[in-house]
Structures are given as structure tokens and as C-alpha cells.
Amino acid sequence: MLGVSSPLGVRMAISITQPDDWHLHLRDGDLLNVVVPHSAQHFRRAIIMPNLKPPIITTSAAVSYRESILKALPAHSYFDPLMTLYLTDNTSPTQIKLARESGVVFAVKLYPAGATTNSQDGVTDLFGNCLPVLEEMIKQNMPLLVHGEVTNPEVDVFDREKVFIDQVLKPLVNKLPQLKVVMEHITTSDAVKFVESLNEGSVAATVTPQHLLLNRNAIFQGGLQPHSYCLPVLKREIHRQAISSAVTSGSKRFFLGTDSAPHERRRKECSCGCAGIYNAPVALSLYAKVFEEAGALDKLEAFTSFNGPDFYGLPRNSTKIQLSKAPWKVPESFSYSEGEIIPMFAGQTLDWLPSFA
Ligand code: DOR
Ligand code: ZN
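Numbering-wise (full-length UniProt numbering), the sequence shown opens with residue 1 and increments by one.
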């Protein structure tokens, strides 16, 4: 990382290897066309989540989804979508072989059935139906990306991640220690402890800007705030602090995954609002803020740009991006044919401005 400061001592800028987003929802239809340029503006690659309607359960569906994403890119963009398959009770080991052979599918996503947006076709019996698939994933060195929440309605919504670790993840890593697992969008100190207790390179975690910067008060601040509602839901301040310390410590086990998840405004601001925070335009500024506040800007680049590719066994990017300490205002909304999407921190001023120098 290169630090630059002007002789007049006013503006600071840092130059880092271009980041990748290891957890991204791009949707489809016209919404895809609005959001793809925002991610492509900052990120070189992204792991594309498969929870469309219908979900991406085959390699051929992943290949055609990838083509739609490439069509939505601005001219001269090098953005590379890394596709995933949506695991179901009926996924076959052959699908995993085909996925690996395709060269465009990089992981398989586990949604416990009913856990979140479009998860109704997700897994109901991981250790029964899915075991042969998981064994094939080990052979193909393909990571399992996990939405780590139990769906039992009797479990308190704030405890669902911790219970999932105890009931599913611990038995999973005991049974299949060679399986590469990414615990997605971690939200608790329990998840930090779990990931840190295992071998580096076998289990890792992505972390979102919202879980680093906000605690659950944000959902109720001055009235119900639908644009701060995501799943797993924001947790207590002690959990936010634990995640922030883990990430800014420089550990290789944690890497950038925004979980940017746009929903049209009326689907958020209604009597049964969807979960998801649209953070793609602001994510990089926010991660820089977290590391700056922790006095750990020297560790930002490993989190944004090294730990992810190292875990996935992919090359690090060779392009660079600059982050200048300059105020900029987040747009209030982005319009498209079906309405608008509201970004995280809409209308607010942020400190770190990303650009290609
Ligand atoms: O808040 C979320 N939104 N969490 C998820 O797990 C899914 C995502 C979405 O697709 O909307
Ligand atoms: Zn997600």
C-alpha cells in the first residue's frame, strides 16, 4: 500500500490493489443493469450469489446468468463475475463436476430452506441428502459458502447464527475437515471465535460494511428503518466490536464481502419489508473508514484484496485503486424502469473517495 500526502498536508490518499467482492447480489432484469456498473466501478471480481427466482441450480443457468451480467457492464470494464450454484436437496455430484469443468463456477451456496430472500428451494437435510455433493466438492476443491442461520422459528432471531454454528457448522467441519467453508456475512463474536479456532485456509468468513459499522439500534433509530434491515440481522454493539477487531487485526481468515442486496424501494418500505442493504456504491469508502478508525489502514489492503483470492486459490489483482480522504455525498437513490433503490447512507457525506488514478 502506498501512502500519499500533499506537502500542504491537506489531502491524504492511499493506493491499494484493486479489491474483489466475495459476496454480491446482482439480481436480474432491469435492476441488474443499474447495479452492475456500481460494483464494476470499484471491484475487479465478485462472487455472484445464485438466489434468483428461479435459483441458479445448474451450470448452464450460471453460464447464461454470467452472460447477462457481462452484457450489463459499461464499455471497457474488466469486471469478472465468479458464479456460484445454489445447493438444493437434489443437487447431484455430477453437477459439481460440470461446475468445475465449466471454469466459470467457483463455489456452491448453502441456504438453509426459509432462511432469507428466495431460499425456499434451499437445503432441508445437509448431512443426509447433500453428503455425496459435499464429498464431490472436496474432490473438486470447491468451497461451500454458508448462510449461517437456523430457521427454527422457536430460536430467537438474534441467536440464529450462534445456534447454527453449534448445530450445523461444528458437526460439518468435524465430519468433513477437508471441505473449504466460507461463513458468509458473519455478525457475532461466536462466529469470530469459531472461524479463528480452525485452520487458516480451510474455514474463512466474509464481513459486510453494515456489520462492521452498525449495531441493532440502527434498525430502530427514530422509528423503524427498513434500509438498515438485512439478514443475518444486525446484532448488539459487543458483537460489532468483536467483528471489527477481528477484521482490523490483519487475520487472513476474514475478507471483503459486501452482501450488497438491492430491493426496489417499495419492497423495503412496506408492511412486510425484504431483507437486504444496497451498499455497492459506498462499500469501499465504509471499509476504509472502519480501518482508519481502528488505526489499521495499513491492514486494509489485505482484507480488501489479498485474503479473498488467497483463500480461493486465485491470483491477486494487478490493477490498483486509489482512496482519497475527500468528502463526497452519497446519492439519495438510483432510478430504474421499475422504481428506485436506496443506497446505504443515502444522502450522507462519506470521507473516503475511491477512484482510478
Ligand atoms: O439481507 C439479505 N439479503 N440477506 C440475505 O441473506 C439475502 C439478501 C438478498 O438476497 O436480498
Ligand atoms: Zn447475501
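Cβ coordinates follow ideal geometry from the N, Cα and C atoms, glycine included.
Just so we're clear, the structure is a prediction, and the values are computed from it rather than from any experiment.
N- and C-terminal bounds of the alpha helix (DSSP H) containing residue i
i: Met83; result: That residue, Met83, is in no alpha helix (DSSP H); its beta strand (DSSP E) goes 80-86.
i: Phe356; result: First-last for Phe356: undefined, no H or E at that position.
i: Phe291; result: 283-293
i: Leu70; result: 59-71
i: Leu172; result: 170-175
i: Val150; result: From DSSP, Val150 is part of no alpha helix (DSSP H); its letter is neither H nor E.
Contact set for residue i: own chain, Cβ-Cβ below 6 Å, skip 5 residues either direction
i: Tyr65; result: Ile56
i: Phe127; result: none
i: Leu145; result: Ala107, Lys109, Val182, Glu184
i: Pro143; result: Ala107, Lys180, Val182
i: Thr79; result: Correcting the residue type first, residue 79 is Phe in the shown sequence and not Thr. Hits under 6 Å: Ala40, Leu73.
i: Glu149; result: Ala115, Arg160, Glu161, Phe164, Pro232
i: Ser355; result: Gln322
i: Ala99; result: Thr59, Leu85, Val105
i: Gln348; result: Val330
i: Leu2; result: Bear in mind that a pLDDT of 49 at Leu2, under 50, signals an unreliable position, so the number given afterwards is only what the model happens to contain. Excluding sequence neighbours, Leu2 sits near Ser15.
i: Thr151; result: Pro112, Gly114, Ala115
i: Glu101; result: none
i: Gly201; result: none
Buried or exposed (CB count within 10 angstroms, at least 16 for buried), residue i
i: Glu269; result: exposed
i: Phe255; result: buried
i: Lys109; result: buried
i: Ser228; result: buried
i: His76; result: exposed
i: Thr304; result: buried
i: Glu301; result: buried
i: Gly223; result: exposed
For residue i, the three-state DSSP class (helix, strand or coil)
i: Asp21; result: strand
i: Ser6; result: Because Ser6 sits at a pLDDT of 49, beneath the cut-off of 50, its placement in the model cannot be relied upon, and the following sentence gives the value as read from the coordinates. Coil, per DSSP.
i: Asp190; result: helix
i: Ser39; result: helix
i: residue 428; result: Since the displayed the chain opens at 1 and closes at 357, residue 428 lies outside it and no answer follows.
i: Asp351; result: strand
i: Pro331; result: coil
i: Phe306; result: helix
i: Phe127; result: coil
i: Arg45; result: strand
i: Ala326; result: strand
i: Val182; result: strand
i: Ile56; result: coil
i: Tyr229; result: coil
i: Lys320; result: strand
i: Ala346; result: coil
i: Ala296; result: coil
i: Leu198; result: coil
i: Ser102; result: helix
Span of the beta strand (DSSP E) around residue i
i: Lys162; result: Note, Lys162: premise wrong, no beta strand (DSSP E); alpha helix (DSSP H) at 160-164.
i: Ala107; result: 105-110
i: Ala205; result: 203-207
i: Val146; result: 144-146
i: Leu256; result: 254-256
Sequence-distant residues of the same chain with beta carbon closer than 7 Å to residue i, five excluded per side
i: Lys162; result: Thr188, Asp190
i: Thr116; result: His147, Leu231, Ala275
i: Arg11; result: Ser324, Lys325, Ala326
Min CB distance residue i to chain D below 9 Å
i: Asn215; result: Absence of chain D from the displayed structure is noted, only one protein chain being present.
Own chain partners of residue i with C-beta closer than 8 Å, once the 5 adjacent residues on each side are dropped
i: Gln225; result: Ala218, Ile219
i: Val282; result: Pro209, Val330, Pro343, Met344, Phe345, Leu350
*Evaluate contact between the segment 227-244 and the segment 206-213, counting only Cβ atoms and requiring at least three cross-stretch pairs below 8 Å.*
yes
*Taking contact to mean at least 3 C-beta pairs separated by less than 8 Å, is the segment 130-147 in contact with the segment 172-180?*
yes
*Contact the segment 259-266 vs the segment 298-316: 3+ CB pairs below 8 Å*: no
*Should the segment 288-302 be regarded as contacting the segment 330-343, the criterion being three or more beta carbon pairs within less than 8 Å?*
no
*Evaluate the contact criterion for the segment 294-301 versus the segment 314-322: three or more CB pairs, one atom per stretch, below 8 Å.*
no
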